[in-house]
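Participant: Please find one structure pasted underneath; my questions will follow.
4 protein chains.
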Amino acid sequence: MAAPRTPDPNRRNPESTKAILEAALALARDQGWAKVSIEGIAARAGVGKRTIYRWWPSKGAVVLDAYAARLQDRPYMNAAAAEEGDLRGDLVRILGETWDMVSDSLPLLASLIGEAQHDPDLAERLWERLIGPSSEPVQDRIRRAQAAGEITADADPFRAAELLYGQVYLRLLVTPKPLDAAFLEDCIDLALHGLLKRP
Amino acid sequence: MAAPRTPDPNRRNPESTKAILEAALALARDQGWAKVSIEGIAARAGVGKRTIYRWWPSKGAVVLDAYAARLQDRPYMNAAAAEEGDLRGDLVRILGETWDMVSDSLPLLASLIGEAQHDPDLAERLWERLIGPSSEPVQDRIRRAQAAGEITADADPFRAAELLYGQVYLRLLVTPKPLDAAFLEDCIDLALHGLLKRP
Amino acid sequence: MAAPRTPDPNRRNPESTKAILEAALALARDQGWAKVSIEGIAARAGVGKRTIYRWWPSKGAVVLDAYAARLQDRPYMNAAAAEEGDLRGDLVRILGETWDMVSDSLPLLASLIGEAQHDPDLAERLWERLIGPSSEPVQDRIRRAQAAGEITADADPFRAAELLYGQVYLRLLVTPKPLDAAFLEDCIDLALHGLLKRP
Amino acid sequence: MAAPRTPDPNRRNPESTKAILEAALALARDQGWAKVSIEGIAARAGVGKRTIYRWWPSKGAVVLDAYAARLQDRPYMNAAAAEEGDLRGDLVRILGETWDMVSDSLPLLASLIGEAQHDPDLAERLWERLIGPSSEPVQDRIRRAQAAGEITADADPFRAAELLYGQVYLRLLVTPKPLDAAFLEDCIDLALHGLLKRP
DNA sequence: CCCTAACCGAGACGGTACGTCCGGTCTTAGC
DNA sequence: GCTAAGACCGGACGTACCGTCTCGGTTAGGG
Numbered sequence: 036m037a038a039p040r041t042p043d044p045n046r047r048n049p050e051s052t053k054a055i056l057e058a059a060l061a062l063a064r065d066q067g068w069a070k071v072s073i074e075g076i077a078a079r080a081g082v083g084k085r086t087i088y089r090w091w092p093s094k095g096a097v098v099l100d101a102y103a104a105r106l107q108d109r110p111y112m113n114a115a116a117a118e119e120g121d122l123r124g125d126l127v128r129i130l131g132e133t134w135d136m137v138s139d140s141l142p143l144l145a146s147l148i149g150e151a152q153h154d155p156d157l158a159e160r161l162w163e164r165l166i167g168p169s170s171e172p173v174q175d176r177i178r179r180a181q182a183a184g185e186i187t188a189d190a191d192p193f194r195a196a197e198l199l200y201g202q203v204y205l206r207l208l209v210t211p212k213p214l215d216a217a218f219l220e221d222c223i224d225l226a227l228h229g230l231l232k233r234p
Numbered sequence: 036m037a038a039p040r041t042p043d044p045n046r047r048n049p050e051s052t053k054a055i056l057e058a059a060l061a062l063a064r065d066q067g068w069a070k071v072s073i074e075g076i077a078a079r080a081g082v083g084k085r086t087i088y089r090w091w092p093s094k095g096a097v098v099l100d101a102y103a104a105r106l107q108d109r110p111y112m113n114a115a116a117a118e119e120g121d122l123r124g125d126l127v128r129i130l131g132e133t134w135d136m137v138s139d140s141l142p143l144l145a146s147l148i149g150e151a152q153h154d155p156d157l158a159e160r161l162w163e164r165l166i167g168p169s170s171e172p173v174q175d176r177i178r179r180a181q182a183a184g185e186i187t188a189d190a191d192p193f194r195a196a197e198l199l200y201g202q203v204y205l206r207l208l209v210t211p212k213p214l215d216a217a218f219l220e221d222c223i224d225l226a227l228h229g230l231l232k233r234p
Numbered sequence: 036m037a038a039p040r041t042p043d044p045n046r047r048n049p050e051s052t053k054a055i056l057e058a059a060l061a062l063a064r065d066q067g068w069a070k071v072s073i074e075g076i077a078a079r080a081g082v083g084k085r086t087i088y089r090w091w092p093s094k095g096a097v098v099l100d101a102y103a104a105r106l107q108d109r110p111y112m113n114a115a116a117a118e119e120g121d122l123r124g125d126l127v128r129i130l131g132e133t134w135d136m137v138s139d140s141l142p143l144l145a146s147l148i149g150e151a152q153h154d155p156d157l158a159e160r161l162w163e164r165l166i167g168p169s170s171e172p173v174q175d176r177i178r179r180a181q182a183a184g185e186i187t188a189d190a191d192p193f194r195a196a197e198l199l200y201g202q203v204y205l206r207l208l209v210t211p212k213p214l215d216a217a218f219l220e221d222c223i224d225l226a227l228h229g230l231l232k233r234p
Numbered sequence: 036m037a038a039p040r041t042p043d044p045n046r047r048n049p050e051s052t053k054a055i056l057e058a059a060l061a062l063a064r065d066q067g068w069a070k071v072s073i074e075g076i077a078a079r080a081g082v083g084k085r086t087i088y089r090w091w092p093s094k095g096a097v098v099l100d101a102y103a104a105r106l107q108d109r110p111y112m113n114a115a116a117a118e119e120g121d122l123r124g125d126l127v128r129i130l131g132e133t134w135d136m137v138s139d140s141l142p143l144l145a146s147l148i149g150e151a152q153h154d155p156d157l158a159e160r161l162w163e164r165l166i167g168p169s170s171e172p173v174q175d176r177i178r179r180a181q182a183a184g185e186i187t188a189d190a191d192p193f194r195a196a197e198l199l200y201g202q203v204y205l206r207l208l209v210t211p212k213p214l215d216a217a218f219l220e221d222c223i224d225l226a227l228h229g230l231l232k233r234p
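Residue numbers (my numbering), protein chains in the order written: chain A, 36 to 234; chain B, 36 to 234; chain C, 36 to 234; chain D, 36 to 234.
So this is what it looks like as structure tokens:
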């Protein structure tokens, strides 16, 4: 009975969408996050501001979409199809694949997370679409290692992923030290062995 | 010899400084980060905008100063003077003390880190003044544990702190799950033992 | 063919325009020129500053428009339709009509001319819209007087108007003496007869 | 008994005064009136703002003083010493001498008069120090012409000067037409003869 | 095959805040 | 006690974007 408030997705202009996402990504990467604005995206995409506001709630959401779309355009990593090897080697491979996808756009990812601190809606989208899923392969591998008895059975795979990824995001967002492939490998070793000396 | 461009700190008005920091903190805590503006701080502090721009480069820097000043005003518990107990217990105490200081202003801390993602100068100040120093007690305790043979000698204390704190900051900034004292304790246990099953 | 830089006048909001002009006039008359500011006009008119800057280059231009609009709203007495009388009488009538329109806002007119001294664009607008046209009736009457042989044929009507009006503007802008209707009449007599004793 | 509010002129530093006046004049002539500010004058003169505010009430007053000082430095016109010639010739000479002094700084003079429209104190100073006195020689010559019977005895010399100078100031301040020596001569002729045809 | 509703570009609008300039007052140190 | 220097409060500047809105024009589908 009530008139629908949401716009009809079928009538969405794919060219405009594409132009907007490309413009957002280009601005974010070329001039940095601070220079991104809805107004700027609209101008660069040759699009009315209205068209952006119709489909996205904020500039963060646009950039997130643009960034996610770019990641999906990549020659998709086939973690699933990979042969199962030893635990450490598999973790190195999994993190390495993710690393290859994002290593050239770390500042953009950091800016998105930064923006999400004052934008709960963006925070949710970011977690649901990008960050949450990205730890699934690690959690899966942890679970298989638990089944194989390599890892304590009562460890929570989600917490295990946090132990591993926490180091990475801390570097990305806070610590003024390099974040590179070698560091990732060290993170894996440290997470696997922990701090206590083993007998 | 060259004429200094920076203003003379001796002529700084301490009352203005105090009013500005208080206004910044009040705004940040009451209305949230997004509502903080140089203009708003100046108005609430009864101060010219120029006076703020003279001494701080950005609103982030003001809020950081305000936040740091508040932390230092606390009746400081000095971890160093504490009786040395067992490793896990000391870590629980150290993290607990830090936690007590920041637990009522986590969103503000998160916003500061978020802002720092697009503001390298703020990022540096934040690390130097707030975040870097906060992990020193943990690193110290790790070093003593290494001397005592509890922890592998070749582990880097800084990396050890990253293993521990990474989990905390990941929760704070990214993961949509609760961050509380119980979680901190779990972080310590996980970091100490690592993922691999011990024989 | 080239993209126009100027905004499209068709999209101009007539209500905003009206509110701006009224606010400008009210501020200029109530508080005096010095208290007029774009910011103040915008606030009083309930309008964004941008809307003013979009259509006017300076506060002087706004006030000029407001002042000119107010003059045109007056129940216009058309000198042209007036019965032709003797030269002096007609001049008295013409100056009197102009006088009636501006006598209650002389400081505003003076301020506009004052402002125009440092603003060539305003000076041009002021001359084109207000001051230049105001001497036309005098020039017309001079021309008819030349045709009737009352005035030397080789006198330039524009210069004649300058002789007459110069005295008036000198009083308005420079001389600290009263400018009133009686003075206007004396200006006419002096301009008509000149200084040299007639035989 | 009461402490004097006005500063003691004897303690005035002549070097500062000179530097201020020179700086004011240089700024006014080089960058135009709009770029003149107390702050700018102080910086250029190497003087504290306080020193300017102590001796002048406004930037207009400073520039007026600077301008007046410059005029007095000129090789002073000796109108008084001039041989008395015929009326028209003397007027041409008197106006010509004034013209020679100001012709290279007309915009500055116009700006001063413009500023005086919103600054009654400046208006008074301007009239007393510069503009009023400048018409004295003309009034004197008019009086002598009246005594000689060349000019109607009942004409007010002050009004006569207004008739003559009004044309000049109108050009300077309002009319977008050239103001040059030839024009001055025409002003004299028109003022002497008036508009009415002589029998 | 036309009508009408939604999309689209463009951009004007009321606002908020920006970072800068300057006005006029006050403080500090030096002579 | 004047001076150079400049910090201070305050107000306005002109600009950048925000998110909403209105305007024609185009496009798509249901009558």
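We put the CB at the ideal spot given by N, CA and C, even for glycine. Keep in mind that this is a model prediction, so the values were computed, not measured.
What does the Cβ neighbour count give for Gln66 of chain B, buried or exposed, with the cut at 16 atoms within 10 Å?
Facilitator: With fewer than 16 Cβ atoms within 10 Å of its Cβ, Gln66 of chain B is classed as exposed.
Participant: In chain C, what lies closer than 9 Å to Gly67 of chain D by C-beta?
Facilitator: Within chain C, the residues near Gly67 of chain D are His153.
Participant: Which residues does DSSP list as the beta-bridge partners of Met186 of chain B?
Facilitator: Sequence inspection shows Ile at residue 186 of chain B; the Met mentioned does not correspond to that position. In the DSSP output, where bridge partners are listed per residue, Ile186 of chain B has A:Leu231.
Participant: Counting only beta-carbon separations shorter than 8 Å, does Ser146 of chain D have a partner in chain C?
Facilitator: Cβ-Cβ to chain C under 8 Å: yes for Ser146 of chain D.
Participant: Output the boundary residues of the alpha helix (DSSP H) element that contains Gln202 of chain A.
Facilitator: Start and end: 192 to 208.
Participant: Taking only beta-carbon positions, decide if Ala103 of chain B is within less than 8 Å of chain A.
Facilitator: So, not an interface residue.
Participant: Under 8 Å Cβ to Cβ from Ala195 of chain B, same chain only, skipping five residues before and after it: list those, please.
Facilitator: Val173, Gln174, Ile177, Ile186, Ala226.
Participant: Quick one, are the C-beta atoms of Ala151 of chain D and Leu161 of chain D less than 8 Å apart?
Facilitator: Against a cut-off of 8 Å, the Cβ pair of Leu161 of chain D and Ala151 of chain D comes out as a contact.
Participant: Is Ala114 of chain C close to chain D, meaning its C-beta is less than 8 Å from at least one C-beta of that chain?
Facilitator: Summary for Ala114 of chain C: the model assigns pLDDT 48, below 50, so the residue's position carries little reliability; its value from the coordinates is reported in the next sentence. Cβ-Cβ to chain D under 8 Å: no for Ala114 of chain C.
Participant: Can you name, in chain order, every residue of its own chain whose Cβ lies under 6 Å from the Cβ of Arg233 of chain C, other than the five neighbours on each side?
Facilitator: Contacts found: none.
Participant: Kindly indicate which three-state DSSP category Asn48 of chain C falls into: helix, strand or coil?
Facilitator: The answer is coil: DSSP assigns Asn48 of chain C none of H, G, I, E or B.
Participant: In this structure, how does DSSP classify Ile223 of chain D when only helix, strand and coil are distinguished?
Facilitator: In the structure shown, Ile223 of chain D sits in a helix (DSSP, three-state: H, G or I).
Participant: Identify the contact partners of Leu227 of chain B in chain A, using a Cβ-Cβ distance below 7 Å as the criterion.
Facilitator: In chain order: Gly229, Leu230, Leu231.
Participant: Would Leu219 of chain B count as contacting chain A if we go by Cβ distances under 8 Å?
Facilitator: With 8 Å as the cut-off, Leu219 of chain B does not count as an interface residue toward chain A.
Participant: Taking Thr187 of chain A as the query, report the chain B residues whose CB atoms sit under 7 Å from its CB, ordered along the chain.
Facilitator: By Cβ distance, chain B contributes Lys232.
Participant: Rounded to a whole number of angstroms, what is the C-alpha to C-alpha distance between Tyr200 of chain B and Ser72 of chain A?
Facilitator: Approximately 34 Å between the Cα atoms of the pair.
Participant: So Val97 of chain D packs on Ile55 of chain D, CB below 8 Å; how close in whole Å?
Facilitator: Correct: roughly 7 Å between the Cβ atoms.
Participant: I need the DSSP call for Asp154 of chain D, collapsed to helix, strand or coil.
Facilitator: In this structure, Asp154 of chain D counts as coil in the three-state DSSP scheme.
Participant: Taking the alpha-carbon of Gly81 of chain B as reference, which of B:His153, B:Glu159, B:Thr52 has the nearest alpha-carbon?
Facilitator: Answer by Cα proximity: B:Thr52.
Participant: Report all residues from its chain with a CB closer than 8 Å to the CB of Val137 of chain A; omit the five preceding and five following residues, and keep chain order.
Facilitator: Result list for Val137 of chain A: Leu106, Leu144, in chain order.
Participant: Using only the alpha-carbon positions, how far apart do Leu122 of chain C and Glu57 of chain D sit?
Facilitator: Cα-Cα distance, rounded: 52 Å.
Participant: In the DSSP assignment, find the alpha helix (DSSP H) that holds Thr133 of chain C and state where it starts and stops.
Facilitator: From DSSP, the alpha helix (DSSP H) with Thr133 of chain C extends over 122 to 137.
Participant: Say whether chain A places a C-beta atom closer than 8 Å to the C-beta of Thr86 of chain B.
Facilitator: No - not a single Cβ of chain A is within 8 Å of the one on Thr86 of chain B.
Participant: Can you tell me whether DSSP reads Gln66 of chain D as helix, strand or coil?
Facilitator: Correct three-state label for Gln66 of chain D: coil.
Participant: Measure how close the beta-carbons of Leu157 of chain B and Gly95 of chain B come, nearest whole angstrom, since I'm counting them as under 8 Å.
Facilitator: About 4 Å; that satisfies the 8 Å criterion.
Participant: Grouping DSSP H, G and I as helix and E and B as strand, with all else coil, what is Gly83 of chain A?
Facilitator: Coil at Gly83 of chain A, not helix or strand.
Participant: Measuring only from the beta carbon, is Leu60 of chain C closer than 7 Å to any heavy atom that is part of the ligand COA?
Facilitator: This structure does not include the ligand COA; it has no bound ligands of any sort.
Participant: Thinking Leu130 of chain C and Leu219 of chain C are a contact (beta carbons under 8 Å), I'd like their distance in whole angstroms, please.
Facilitator: The Cβ separation is near 5 Å, so the contact holds.
Participant: Interface residues of chain C around Gly149 of chain D at Cβ under 8 Å?
Facilitator: The contacting residues are Ile148, Gly149, Glu150, Ala151, Gln152, His153.
Participant: Give the single residue among C:Ala69, C:Ala217, C:Trp90, C:Leu60 whose Cα lies nearest to the Cα of Asn45 of chain C.
Facilitator: Minimum Cα distance to Asn45 of chain C is reached at C:Trp90.
Participant: Buried or exposed: Tyr88 of chain C, going by 16 or more other Cβ atoms within 10 Å of its Cβ?
Facilitator: Answer is exposed; the Cβ neighbour count stays below 16.
Participant: Quick one: grab the DSSP three-state call for Leu214 of chain A.
Facilitator: Coil at Leu214 of chain A, not helix or strand.
Participant: Which residues of chain B have a Cβ atom closer than 9 Å to the Cβ of Ile166 of chain A, listed in chain order?
Facilitator: Neighbours of Ile166 of chain A on chain B, chain order: Val209, Thr210.
Participant: Terminal residues of the continuous alpha helix (DSSP H) containing Asp108 of chain A?
Facilitator: That run of the alpha helix (DSSP H) goes 94 to 108.
Participant: Grab me the residues of Ala104 of chain D's own chain with a C-beta within less than 6 Å of its C-beta, minus the 5 sequence neighbours each way, in chain order.
Facilitator: The residues are Leu56.
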